[in-house]
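Chains as they are written, first to last, in our numbering: chain A, 1 to 384; chain B, 1001 to 1384.
Structural data, given as structure tokens:
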């Protein structure tokens, strides 16, 4: 029997729900067929794939045909940005975007719109970054570091005004709005019409589904150019034999997440409400980052200026408590996350920042122990 | 209990070996951690990922560090071609390449080198297609339609001479050799030094591993540019959270395939040797395509001029016999595969062509039944 693990890094990875694994298994083994094949087995695989697409469409309030399955959020984001924005055209991203958004935007002309100290992207900040050759705006529904929930619908309304203005001036450049909903899919409503976006990225790996499975939903009017060439799968926008098991698992994971989100949100919020005051009480100068109201329910970003957060993570690791420092999904740990600078943290604060993200693996009764060990690790590290 | 299925389309998809599924499962559920995380769980996931890389490196006789995990062969091929060949530079591909090779090559200047009537790519044909700005040659180790095994080592030696000649003339353009080994991985030796290539694509889905998992092996001297931007995983050549379960499954599937390939090759060859004469005997004017010696052991491509192959597939489907017409992994069935034209089939022959690819799911004792039903379906269709 393994030792008890306290996993506090659900924003970096979530375990595949055992029910999701069970739903995937037939398509790995017995029903493994290539969905492009015309015989019974192929049609069965095709039906499973399209069934998954339909189920996700229902969750998004979208048309199934506008959903492109991909191999994860990074690919979806790259397709959204590089596929919709011609070289030489302009992109606006917020200051708290995932590395994939920044990385893809860097292949184009781009402007980083300012965020406030809570990580919030105000529509005005996006507006002032727009140019007449801006083809795309990309703002995460909730960012992966502070868990700040962005005013996506407000930004969408502002962009609609900009489109009107462009039309009145005969500026023909399209203006698309993409949101990365990967981090928010467990907690927030994903109805695309309410969000008002043109494109939405989702990631199975962040909602108790399989890794390297994602999707890009794009309205039909978005002129997308494929980034992968080959057999012409996914309406020629994403070639490669379809991962039927992955799509089935993704659809089921998303369904479970969305059906259970109100209950799970309450559960996470209650744990967070208990944990935060304990940490604030136990550690002098501890600052909770992000927005006090508009945050993902299980997301806590904090900093203690001067603390060596990496060593705190190391101490806690020795006690089987897994927490993150900085952006955990970036492979290159040597560089400081630009999001921390974007909200105004200085290097001392940034290096003293920790991220705790609660999820399925956490239980209310463990909160006191977790709080005590985190406080102890910070105190120990501070005394050194 | 389902009806008995006779699956004869192993080149289109293979079922995940149950042992492979078992090997993957821990990394979907208990050991789901993000390999970029620094705590124990993250290190465990990292170790599994690197263990998979090491195991594959051993099979390839390569350095683990030169292996980039991808989401399948299409992505690997796109990375090899679009990542190594600058825009405006030239690519040479053979006439019997997979749609992904053709699709990526079409994004550059490219020449299709002729193949002979057996689907064989002679080094001279490649040589005569080369230009001084040719940066890459891509020839599949064995093609997916005829299963013709290409003289990769001979082409590699020819290319080495061309490189010498270029150097002597102060032509500085690099000349890389990429081979897509996806279809050959079950049957052929994959030692990269013997192949003499600079890059090798492999696909887990074709060797009883999971779908949408692949790799690109590239020698360190190949100047590759990433096609996906983000967190910087896979030495910044392929961003996106790593699919640890997929990599573990891939490594195990490849190990099983390579360890068992001599026995399995004999078994498949013996079935093929029994099936082919029965078909030739039973159907007048039936022509076996491809090379009589240099072919994958379980691969049979045939044509009967004037036959409506799609209807034969349909007849056989009704008898639970699954075979393919044309290139089964292309989603767009409306177009005729260019490979068929490349070996000189006219439209009547191309539309009358079938592909039978034997594998794990086939058994010697089923061959007479399979032969009889295929012959019957062709005869029935011919009489209409």
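Glycine is no exception: its CB is placed at the ideal position from the N, C-alpha and C atoms. On a predicted model such as this, the values are computed, not experimentally measured, just so you know.
Nearest-angstrom beta carbon gap, residue j and residue i [assumed within contact, 8 Å]
i	j	result
residue 1039/B	residue 317/A	4 Å
residue 1321/B	residue 1006/B	4 Å
residue 285/A	residue 304/A	6 Å
residue 325/A	residue 342/A	Not a contact, Cβ separation roughly 17 Å.
residue 100/A	residue 113/A	Their Cβ separation, rounded to whole angstroms, is 17 Å, which puts residue 100/A and residue 113/A out of contact at 8 Å.
residue 105/A	residue 91/A	5 Å
residue 1084/B	residue 1176/B	5 Å
residue 353/A	residue 302/A	7 Å
residue 1191/B	residue 1158/B	Going by Cβ atoms, the distance from residue 1191/B to residue 1158/B rounds to 19 Å, so no, they are not a contact pair.
residue 1179/B	residue 1153/B	Wrong, their Cβ atoms sit about 10 Å apart, outside the cutoff.
residue 1230/B	residue 1371/B	Their Cβ separation, rounded to whole angstroms, is 51 Å, which puts residue 1230/B and residue 1371/B out of contact at 8 Å.
residue 34/A	residue 1013/B	4 Å
residue 211/A	residue 1241/B	6 Å
residue 1173/B	residue 1137/B	With 8 Å as the limit, residue 1173/B and residue 1137/B do not qualify as a contact, their Cβ atoms being about 12 Å apart.
residue 59/A	residue 255/A	7 Å
Sequence-distant residues of the same chain with beta carbon closer than 7 Å to residue i, five excluded per side
i	result
residue 232/A	239
residue 1358/B	1008, 1010, 1268, 1271, 1272, 1298
residue 253/A	17, 20, 204, 207, 208, 209
residue 1382/B	1307
residue 1257/B	1185, 1186, 1207, 1208
residue 129/A	92, 111, 113
residue 82/A	104, 107, 227
residue 1181/B	1141, 1190, 1200, 1201, 1202
residue 44/A	31, 33
Neighbour-count burial assignment, residue i, 16 or more Cβ in a 10 Å radius
i	result
residue 1198/B	buried
residue 387/A	No information on residue 387/A is available, as it lies outside the stretch 1 to 384 that chain A covers here.
residue 61/A	exposed
residue 1293/B	exposed
residue 335/A	exposed
residue 1155/B	buried
residue 22/A	exposed
residue 1053/B	buried
residue 1088/B	exposed
residue 355/A	buried
residue 102/A	buried
residue 1237/B	buried
residue 1349/B	buried
residue 279/A	buried
residue 1221/B	exposed
residue 1160/B	exposed
residue 202/A	buried
residue 1132/B	exposed
residue 363/A	exposed
residue 48/A	buried
residue 183/A	buried
residue 1395/B	Residue 1395/B lies beyond the stretch modelled for chain B, which goes from 1001 to 1384, so this question has no answer here.
residue 164/A	exposed
residue 3/A	exposed
residue 223/A	exposed
residue 234/A	buried
residue 323/A	buried
residue 1123/B	buried
residue 15/A	buried
Chain-order list of residues whose beta-carbon lies under 8 Å from that of residue i (same chain, five-residue window excluded)
i	result
residue 291/A	118, 119, 120, 146, 148, 149
residue 1345/B	1289, 1303, 1353
6 Å Cβ shell around residue i - same chain, five flanking residues per side excluded
i	result
residue 1367/B	1271, 1274, 1275
residue 193/A	61
residue 339/A	96, 145
residue 1041/B	1033
Check: Taking three-plus beta-carbon pairs below 8 Å as touching, is the region 1063 to 1076 of chain B in contact with the region 1215 to 1224 of chain B?
Finding: At 8 Å Cβ cutoff, the stretches touch.
Item checked: Complete runs of the beta strand (DSSP E) confined to the region 257 to 309 of chain A [at least 3 residues] -> If we require 3 residues or more, the beta strand (DSSP E) runs fully inside the region 257 to 309 of chain A come out as 287 to 289, 299 to 303.
Item checked: At least three beta-carbon pairs within less than 8 Å, the region 1252 to 1261 of chain B to the region 1182 to 1195 of chain B -> The region 1252 to 1261 of chain B is in contact with the region 1182 to 1195 of chain B.
Check: Contact between the region 1165 to 1178 of chain B and the region 1234 to 1250 of chain B: three or more CB pairs below 8 Å?
Finding: No: fewer than three Cβ pairs fall under 8 Å.
Item checked: Segments assigned alpha helix (DSSP H), at least 4 residues, entirely inside the region 180 to 248 of chain A -> List check, alpha helix (DSSP H) in window: 192 to 195.
Checklist line | Every unbroken beta strand (DSSP E) within the region 80 to 123 of chain A, with a cutoff of 3 residues, ordered by chain | finding: Here the runs fully enclosed are 90 to 94, 109 to 113.
Notebook entry, point to check: At which residue ranges does the region 138 to 172 of chain A contain complete beta strand (DSSP E) runs of 3 or more residues, listed in the order of the chain?
Noted result: For the region 138 to 172 of chain A, there is no continuous beta strand (DSSP E) assignment of 3+ residues that stays within its boundaries.
Next item on the list: Please specify which runs of the alpha helix (DSSP H), each continuous and at least 4 residues long, are wholly inside the region 22 to 82 of chain A, giving them in chain order.
Entry: Counting only runs of 4+ residues, the alpha helix (DSSP H) found wholly inside the region 22 to 82 of chain A occupies 40 to 60, in chain order.
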